[in-house]
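Take a look at the structure below.
Next comes the structure, spelled out in structure tokens:
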């Protein structure tokens, strides 16, 4: 248990569906991240939020839409995804600044059919 | 663009043996992390290395950082089966915030 909770843990969705992934952290951090982990590829940073402001969007297609309503919660809204978007989506949080450990949630396994 | 390369990508070793995993990165960095991931699980933080010459040890694992060579090593001493997992290094560029991961080293320790 890292203090970063993701739901759902597993999601199967059709290409025309709209769904959301949720992340909640109880560590008092004010930076939150979405990463994508695909088979045989390094983890890819998708979005960074610091103090609820998006500070980085790593060229992610618009079918992925993040939302950070407060410093404890982060969502990833999914719409018209493609099969190649099937992956493990990891949420993480940290205090900003050098040397601070980034803590990861358990991940949400997404399958697009 | 920061590139992080780990080698080997796959490592099969016997219990009781020693081995080293290498992590090279392409630009200056002031932070390097090592993580462990078990199958179907999230990433567990092992070490944070912040300065040249930093060395940290936890149990059978020891990590070191040489910022001049842009190289970190994760040394495994007297491996045991419980260490079987995938190990990732991750680097943050100097004055940056983005954590860039290596491809991971899949370690299997055989009895």
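Residue numbers (the working numbering), protein chains in the order written: chain L, 1 to 113; chain G, 1001 to 1111.
Glycine included, every Cβ here is placed at the ideal spot set by N, Cα and C.
Which bits of chain L does residue i rub up against, with CB to CB less than 9 Å?
i               : result
residue 1001(G) : None at all; the shortest Cβ gap to chain L is about 11 Å.
Quick one: what does DSSP say residue i is sitting in, helix, strand or coil?
i               : result
residue 83(L)   : helix
residue 26(L)   : coil
residue 1038(G) : coil
residue 1083(G) : helix
residue 1007(G) : strand
List, in chain order, every chain G residue whose beta-carbon is nearer than 8 Å to that of residue i.
i              : result
residue 103(L) : 1045
Using a threshold of 8 Å, state whether the C-beta atoms of residue i and residue j are closer than that.
i               : j               : result
residue 6(L)    : residue 22(L)   : yes
residue 1004(G) : residue 1019(G) : no
residue 1086(G) : residue 1029(G) : no
residue 11(L)   : residue 110(L)  : yes
residue 1032(G) : residue 1060(G) : no
residue 93(L)   : residue 45(L)   : no
residue 35(L)   : residue 43(L)   : yes
residue 1002(G) : residue 1109(G) : no
residue 1051(G) : residue 104(L)  : no
Does the beta-carbon of residue i have 16 or more other beta-carbons within 10 angstroms, so that it is buried, or is it exposed?
i               : result
residue 39(L)   : exposed
residue 964(G)  : Residue numbering for chain G in the displayed model covers 1001 to 1111; residue 964(G) lies beyond these limits and cannot be assessed.
residue 61(L)   : exposed
residue 29(L)   : buried
residue 1067(G) : buried
residue 1012(G) : exposed
residue 96(L)   : exposed
residue 106(L)  : buried
I want to check one thing, is the minimum distance from the CB of residue i to the heavy atoms of the ligand FMN below 7 Å?
i              : result
residue 110(L) : Ligands in the displayed structure: none, and consequently the ligand FMN is not present.
Measure how close the beta-carbons of residue i and residue j come, nearest whole angstrom, since I'm counting them as under 8 Å.
i               : j               : result
residue 1073(G) : residue 1009(G) : With a Cβ gap of about 16 Å, residue 1073(G) and residue 1009(G) do not count as contacting.
residue 13(L)   : residue 78(L)   : 7 Å
residue 51(L)   : residue 71(L)   : 7 Å
residue 101(L)  : residue 1064(G) : At roughly 18 Å, the Cβ-Cβ gap does not stay under 8 Å, so residue 101(L) and residue 1064(G) are not in contact.
Residues of chain L with CB under 7 Å from residue i, in chain order?
i               : result
residue 1042(G) : 2, 90, 104, 105, 106, 107
residue 1103(G) : 42
If the cut is a Cβ gap below 7 Å, which residues of chain G does residue i touch?
i             : result
residue 45(L) : 1098, 1099
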